[in-house]
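Participant: Before I ask anything, let me first share the structure, which is written out below as structure tokens.
Protein chains: 2
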Amino acid sequence: MLVDEMKEMPLEDDIYLVAELYKNFADMTRVKILYALTISEMCVNDLSEMLEMSQSSISHQLRVLKQARLIKYQKKGKNVIYSLADDHVKLLLDQAYEHIKE
Amino acid sequence: MLVDEMKEMPLEDDIYLVAELYKNFADMTRVKILYALTISEMCVNDLSEMLEMSQSSISHQLRVLKQARLIKYQKKGKNVIYSLADDHVKLLLDQAYEHIKE
DNA sequence: ACTATATATGAACAGTTGTTCATATGAAAG
DNA sequence: CTTTCATATGAACAACTGTTCATATATAGT
């Protein structure tokens, strides 16, 4: 038995944060965007074409992911290049992928 | 560079499953239930009291988690004892916890 | 300054979700 | 077999979410 095994509930605030984090992954469009960005950083239009979805829809969802700090962006001329905020994001995707493939 | 690094989008169906999986974790009540069950298996009334929520609400959410195969149950007299389906579930919780604590 | 291109944003709307309330089911005890 | 306790379920409703459409902002090129 591991010493650090959990035997108590986490704090309400932490549970809130966990649920909020997972909400970002609870929609196909956002998961697609995140997967796309694991392949390569991309501008809004690239994402829009690659995922065959309206620019507006992509843009709205990018805002959600941005606010959750799962992605970051950098302006380049007329474009805005989005990329994953860190490796943790891919880890979360991979973990889910493993789960559904078991 | 890792050999198995992803350079393609997963299939639409797999993305759907990933999003569906994460939906289960995208609600505080369900996350609370799952955390509670990492501590110990429990009947509906235990959960209801522990989380200070109505029996009906807990029962509805247990159904969702059951359908997602994240929990299993076993009847014991008048009670129904719920427990986590497998270790993977705790892993998914832990991963999120790490993320919010970084 | 004007035009074209890229992105962001707000309102509106439909679809989904989580809770409550009332009630049903089911099992055990008397 | 009736009562009690534990759980499940359905309808109703409010809140939330994701898309579309229209429009705003911003940058680059002419």
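Protein chains in written order, with this note's numbering: chain A, 1 to 102; chain B, 1001 to 1102.
For every residue, glycine included, the Cβ atom is placed at its ideal position computed from N, Cα and C.
Note that the structure is a prediction, hence the values are computed from the model and not measured.
In chain A, which residues lie less than 7 Å from M1028/B when you measure between Cβ atoms?
Facilitator: Those are I15, Y16, A19, listed as they occur along chain A.
Participant: Tell me the DSSP secondary structure of S83/A in three-state form.
Facilitator: Here S83/A sits in strand by DSSP.
Participant: Would I15/A and M1050/B qualify as a contact pair, given that the criterion is a beta-carbon distance under 9 Å?
Facilitator: Against a cut-off of 9 Å, the Cβ pair of M1050/B and I15/A comes out as no contact.
Participant: Compute the Euclidean distance between the alpha carbons of P1010/B and A1036/B, then round it to the nearest angstrom.
Facilitator: Roughly 33 Å between the two C-alpha positions.
Participant: Is the beta carbon of A1096/B closer than 9 Å to that of V92/A?
Facilitator: Per the sequence presented here, residue 92/A reads as Leu, with Val not at that position. Yes, these two residues count as a Cβ contact at 9 Å.
Participant: Please report the residue range of the alpha helix (DSSP H) in which K1023/B lies.
Facilitator: Segment 1012-1023, the alpha helix (DSSP H) holding K1023/B.
Participant: Here's the rule I'm using: 16 or more other beta-carbon atoms within 10 Å means buried, otherwise exposed. How should L1002/B be labelled?
Facilitator: Only weak support is given to the placement of L1002/B: the predicted model assigns it a pLDDT of 47, under 50, and the value that follows is read from those uncertain coordinates. By the neighbour-count rule (16 or more Cβ atoms within 10 Å), L1002/B is not buried but exposed.
Participant: Could you check the C-alpha separation between L65/A and K1078/B for me, to the nearest Å?
Facilitator: Answer to the nearest angstrom: the Cα atoms are 45 Å apart.
Participant: In the structure shown, what three-state DSSP assignment does M1053/B receive?
Facilitator: Coil.
Participant: Which chain B residues are close to I100/A, counting only those with a beta carbon under 8 Å from its beta carbon?
Facilitator: Here the neighbours are D1014, L1017, V1018, L1021.
Participant: Determine whether the Cβ of Q95/A lies closer than 9 Å to any Cβ atom of chain B.
Facilitator: Cβ-Cβ to chain B under 9 Å: yes for Q95/A.
Participant: So which residues on chain A does V1031/B lean against when the C-beta distance must stay under 7 Å?
Facilitator: What V1031/B touches in chain A: I15, V18, A19.
Participant: Does any CB atom of chain B fall closer than 9 Å to the CB of I71/A?
Facilitator: No, no contact with chain B.
Participant: For H99/A, which option in Q1061/B, Y1022/B, Q1055/B has the closest C-alpha, if you only look at C-alpha atoms?
Facilitator: Residue Y1022/B is the option with its Cα nearest to H99/A.
Participant: Closest Cβ-Cβ distance between L2/A and chain B: below 9 Å?
Facilitator: In this prediction, L2/A scores a pLDDT of 48, lower than 50, which makes its location untrustworthy; the coordinate-derived value is nonetheless stated afterwards. It does not; no Cβ of chain B falls within 9 Å.
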